[in-house]
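*Asks:*
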Amino acid sequence: MEYQFLLVKPNVRPGVTVVQINRPKELNALNRTVMEEIGAALTAADADEACRCVVLTGNERAFAAGADIKEMADASAVEMLNRDQFARWEIIRKTKKPVIAAVSGFCLGGGCELAMLCDMIVASESAQFGQPEVNIGVMPGAGGTQRLTKAVGKALAMEIALTGRFFPAQKMLEAGLINRVVPTELYFQEAIKLAEEIAQKPPVAVRLIKESINAAFETHLDEGLMRERKNFYLLFATEDQKEGMAAFVEKRKAEWKGK
Ligand code: HXC
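Letter 252 of the sequence shown, counting from 1, is numbered 351 in the working numbering, and no numbers are missing.
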């Protein structure tokens, strides 16, 4: 598939697909086409058997500086409703394979929400996170008030969204939003390394672990625990569970089949 604003590279390392947002002059602002293309690229990655993990990234200066303000500036509420832009975000949310955000530079507004939709965030020490929508008279709309609050707690989420200030990666690491902060020249490499490690794990187990952990965020605890338990039982129907446990007992390396 041809993309206007993405560079997609399957199998940069075994099982790892890279999806790079490529709208550098606009600091990777997320217009409708960008969101549509990210949804399409992740749907394709889900369907690609060779892909086990995705790294979603921007460039050193910006992961994404938010939803495209110019595209929204003149829209009425009814126009925004009819555009139904969140349908595209839902496609991203429903991706079954793990997605790691490799973040450097500006990670703001919808850009921060996009990173939070991913399963893990690896950041460069120059990354800056924020929800500056308040500064342009709106508010986070793609899950920011929910996911940020769950990740960093009420006090800091309030400060981030009510002041619109940018917060350095190190602060976000301490707050629990991101997995690690590394020197800028290493953040992409570090995300690939993490993806490569996950790509070697049994794919059915990986898929169900992701689904179960997300259930902790998206459902009440009882329902989340029930889903976790059912998925746990379901894994016992896979050859990989048999192989994995046998390999442990026999002190050898497991060979995963994805079945
Ligand atoms: C459209 C954007 C943009 C955005 C930057 N640009 N962010 N265009 N939408 N979100 C464009 C600028 O207009 C400019 O284009 C070019 O990118 C470079 O940006 P500068 O401002 O010249 O760069 P700099 O001075 O370094 O400032 C960087 C910045 C600033 C601090 C990140 O650009 C900024 O504040 N951007 C907006 C951040 C924001 O408010 N994000 C939230 C958006 S609302 P030209 O053509 O002028 O050179 C949102 C809601 C999500 O995300 C709701 C769910 C979908």
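Even glycine gets a Cβ: it sits at the ideal position worked out from N, Cα and C. Given the structure is predicted, the values throughout are model-derived calculations rather than measurements.
Helix, strand or coil: how does DSSP classify Arg-160 here?
*Replies:* In this structure, Arg-160 counts as coil in the three-state DSSP scheme.
*Asks:* Taking contact to mean 3 or more Cβ pairs, one atom from each stretch, closer than 8 Å, check whether the region 292-305 and the region 172-190 are in contact.
*Replies:* Contact fails: fewer than three Cβ-Cβ distances are below 8 Å.
*Asks:* For Met-134, which residues from the same chain have a beta carbon less than 6 Å from its beta carbon, with the 5 sequence-adjacent residues on both sides left out?
*Replies:* Only Arg-187 meet the Cβ criterion.
*Asks:* In this structure, what does DSSP give as the bridge partners for Ala-201?
*Replies:* The partner list for Ala-201 (beta bridge, DSSP) reads Thr-156 and Val-221.
*Asks:* Any contact of the region 159-172 with the region 224-240, i.e. 3+ C-beta pairs under 8 Å?
*Replies:* Yes: the two stretches touch, three or more of their Cβ pairs being nearer than 8 Å.
*Asks:* Which residue marks the beginning of the beta strand (DSSP E) containing Gln-119, and which one marks its end?
*Replies:* Segment 115-120, the beta strand (DSSP E) holding Gln-119.
*Asks:* Please go through the region 234-315 and give each complete beta strand (DSSP E) segment of 3 or more residues, from N-terminal end onward.
*Replies:* If we require 3 residues or more, the beta strand (DSSP E) runs fully inside the region 234-315 come out as 279-281.
*Asks:* Quick check on the DSSP output: the alpha helix (DSSP H) that includes Lys-169 runs from which residue to which?
*Replies:* Run containing Lys-169: 168-171, per the alpha helix (DSSP H) assignment.
*Asks:* Taking Leu-106 as part of the alpha helix (DSSP H), name the residues at either end of that continuous run.
*Replies:* Not the alpha helix (DSSP H): Leu-106 falls in the beta strand (DSSP E), residues 105-112.
*Asks:* With respect to 7 Å, is the separation between the Cβ of Gly-208 and the closest non-hydrogen atom of the ligand HXC below this value?
*Replies:* Gly-208: yes, Cβ under 7 Å from the ligand HXC.
*Asks:* Nearest CA to the CA of Lys-358: which residue from Ala-146, Gly-343, Thr-337 and Met-344?
*Replies:* Minimum Cα distance to Lys-358 is reached at Thr-337.
*Asks:* So who's on the other strand from Cys-206, going by DSSP bridges?
*Replies:* The partner list for Cys-206 (beta bridge, DSSP) reads Ala-163 and Phe-228.
*Asks:* Distance check for Pro-302 and Gly-343, CA to CA, integer angstroms please.
*Replies:* Roughly 12 Å separates the two Cα atoms.
*Asks:* Taking Cβ positions, are Lys-309 and Asp-218 nearer each other than 8 Å?
*Replies:* Closer than 8 Å, so yes.
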